[in-house]
Amino acid sequence: MGIYVTFWGVRGSIPTPGHATQRYGGNTACIEVLAGEELFILDGGSGLRSLGQDIVHRQGHPSIKAHLLFSHSHWDHIQGFPFFIPAYSGDSVMKIYGTNADDRKIFELLHGQMQDRYFPVQFSDLGSHIQPDHLNNGQKDINGVVVDFFNTHHPGGSLAYSISYKGKKVIYSTDNELDMLLLNRDESLEDPSIPRRAPQDLLDFFKGADLVIADGQYTDKEYPSKINWGHARANTLVDVCLEAQVKNLAVTHHDPMHSDDVVDKKIQECRERVVRFNGNLTVFGAREGITLKYA
Amino acid sequence: MHDDFENTVRLNPSKTFTPRPVERRDVFMHIKGPGAPQTIVIERGEHIIGRSTEASLRFLSSRVSRKHAKLFTKETDTYCMDLESHNGLLLNGIKVHSVALRDGDTLQIGDIVLIYHQGVQWASM
Chain B
40 MGIYVTFWGV RGSIPTPGHA TQRYGGNTAC IEVLAGEELF ILDGGSGLRS
90 LGQDIVHRQG HPSIKAHLLF SHSHWDHIQG FPFFIPAYSG DSVMKIYGTN
140 ADDRKIFELL HGQMQDRYFP VQFSDLGSHI QPDHLNNGQK DINGVVVDFF
190 NTHHPGGSLA YSISYKGKKV IYSTDNELDM LLLNRDESLE DPSIPRRAPQ
240 DLLDFFKGAD LVIADGQYTD KEYPSKINWG HARANTLVDV CLEAQVKNLA
290 VTHHDPMHSD DVVDKKIQEC RERVVRFNGN LTVFGAREGI TLKYA
Chain X
580 MHDDFENTVR LNPSKTFTPR PVERRDVFMH IKGPGAPQTI VIERGEHIIG
630 RSTEASLRFL SSRVSRKHAK LFTKETDTYC MDLESHNGLL LNGIKVHSVA
680 LRDGDTLQIG DIVLIYHQGV QWASM
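Quick note, the sequences are listed as chains B and X, same order.
Numbering-wise, my numbering comes out as the position in the first sequence, counting from 1, plus 39.
Numbering-wise, my numbering comes out as the position in the second sequence, counting from 1, plus 579.
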């Protein structure tokens, strides 16, 4: 058994159904990570609804035991939760993690978005056992799976997560304007062709990962008009992953204005950058319906 | 009296053209590797891809495992899943465990290259 990663939602900001986004998918953020026997759900965007349906299909019943890790509470990361079928099952046990014992922000926000003004079913009426838990302000070992987090750059804050199991490591770092953290931010904005240098703590967090799933919403050309919007240039991810000796990079949080063809073009630019820097990194666009395995 | 319909072509019902029934099917264009080129129509249900005699999509290549991958339909999607094969399953050049196929996807199974096309018009026999 290794780590299995399935993409259920890879779109940023708002669901974008339609022909132009059919290949990569239009659902907002949701990633399923199965590490050994432990099921982790990273973010609860509209893709969470599809994951719930799939769980019923594959198990024949909706009950799960799962760990829910949310990057932050913006709509595109929580809007799928009220439609997550396993949340209605009396036999489901779901832990919702904060960073420390006092951090119940996400747990309370999930309550909030199900108030009767917004949704017909109240959080307290969900049949499942939903419990707040926390990451001890740092690493937490969950039955042999080590979970860690990193504070990223996004309006209102956002968390990146690392999940390690039996020597394999997967990073999820969405809604992170990496460009704002760069040591040579201004120079790399002026001349996008130069290598972008990340701070050491971020490199340590990414170090040697088998897979980094990260927000690379913008092309170099688009980014200057989107500074401080909280999302990174895809090419910045490439440079950081090369420096951190990451093996695979899944660029996610695709812009809602980007068609499949535009995403293809953005990924192609990333691959050309890897070649130009003589790097060893596989880059692809995160796409709904794909499962990857690291064992 | 003026005939509004004087230029109208009137069809003789006995000579009406009856088209052959056409349905939409998913297909693989097998473009590379032993047996290529060929078009493979994907029937609904579950299929084993491999070089075993038990495989319903059989490719006679040493780079294809006996039971290399499984093809199956779930709701409206066709999925392909690796069966712990020796050479793995590549989707558009990326190694994957499983994938919900989309029109135009390229699958590589050993040295076999297949292009998936969704909803191709297919005349019934």
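No residue lacks a Cβ here, since even glycine has one placed at the ideal position from N, Cα and C.
All figures in this text were calculated on a predicted structure; none of them were measured in a lab.
Going by DSSP in three states, residue i sits in which element: helix, strand or coil?
| i | result |
| --- | --- |
| B:Trp114 | helix |
| B:Lys260 | coil |
| B:Gln307 | helix |
| B:Ser89 | helix |
| B:Thr28 | Nothing can be reported for residue 28 of chain B: it is not among the residues displayed for chain B, which extend from 40 to 334. |
| X:Phe607 | strand |
| X:Met660 | strand |
| X:Ser677 | strand |
| B:Gln178 | coil |
| B:Gln239 | helix |
| B:Asn287 | strand |
| B:Glu147 | helix |
| B:Glu20 | The requested residue 20 of chain B does not occur in the structure, where chain B is confined to residues 40 to 334. |
| B:Glu229 | helix |
| X:Ala648 | strand |
| X:Glu654 | coil |
| X:Arg637 | strand |
| X:Met580 | Low local confidence applies: a pLDDT of 47 at X:Met580 is under 50, so the model's placement there is unreliable, and no value is given. |
| B:His100 | coil |
| B:Leu331 | strand |
| X:Leu669 | strand |
| X:Glu602 | strand |
Name the DSSP bridge partner or partners of residue i?
| i | result |
| --- | --- |
| B:Tyr211 | B:Tyr200, B:Ile252 |
| X:Thr685 | X:Ile694 |
| B:Met133 | B:Ala105, B:Ile169 |
| B:Asp187 | B:Ser201 |
| B:Lys246 | B:Lys246 is not bridged to any residue. |
| B:Arg50 | B:Thr67, B:His293 |
| B:Trp268 | According to DSSP, which records beta bridges pairwise, B:Trp268 is partnered with nothing at all. |
| X:Gln617 | X:His609 |
| B:Phe323 | B:Ala289 |
| B:Thr45 | B:Glu71, B:Thr330 |
With C-beta atoms as the reference, is residue i less than 8 Å away from residue j?
| i | j | result |
| --- | --- | --- |
| X:Tyr658 | X:Val678 | yes |
| X:Leu686 | X:Leu670 | yes |
| B:Val132 | B:His168 | yes |
| B:Gly86 | B:Ser128 | no |
| B:Gly195 | B:His173 | no |
| X:Glu630 | X:Phe638 | The question names Glu, but residue 630 of chain X in the sequence shown is Arg. A contact, by the Cβ cut-off of 8 Å. |
| B:Tyr204 | B:Gly177 | no |
Handout entry: Segment contact, 8 Å Cβ cut-off, at least three pairs: the region 263-275 of chain B with the region 204-217 of chain B
Key = Cβ pair count under 8 Å is three or more, so yes.
Problem - Three or more C-beta pairs below 8 Å linking the region 199-206 of chain B and the region 69-79 of chain B - result: Yes: the two stretches touch, three or more of their Cβ pairs being nearer than 8 Å.
Problem - At least three beta-carbon pairs within less than 8 Å, the region 619-630 of chain X to the region 600-610 of chain X - result: Yes, the region 619-630 of chain X is in contact with the region 600-610 of chain X.
Practice task
Indicate whether the contact test is met: 3 or more Cβ pairs, each with one atom in the region 112-123 of chain B and one in the region 40-59 of chain B, closer than 8 Å.
Solution key: Using a Cβ-Cβ distance cut-off of 8 Å, the region 112-123 of chain B and the region 40-59 of chain B are in contact, since at least three pairs of beta carbons, one from each stretch, lie closer than that value.
Exercise for the section: Please confirm if the region 231-251 of chain B is in contact with the region 278-291 of chain B, defined as three or more CB-CB distances below 8 Å between the two stretches. Expected result: Verdict: yes, contact present.
Practice task
Report yes or no: do three or more beta-carbon pairs, one from the region 239-250 of chain B and one from the region 303-318 of chain B, lie closer than 8 Å?
Solution key: No: the two stretches stay apart, fewer than three of their Cβ pairs being nearer than 8 Å.
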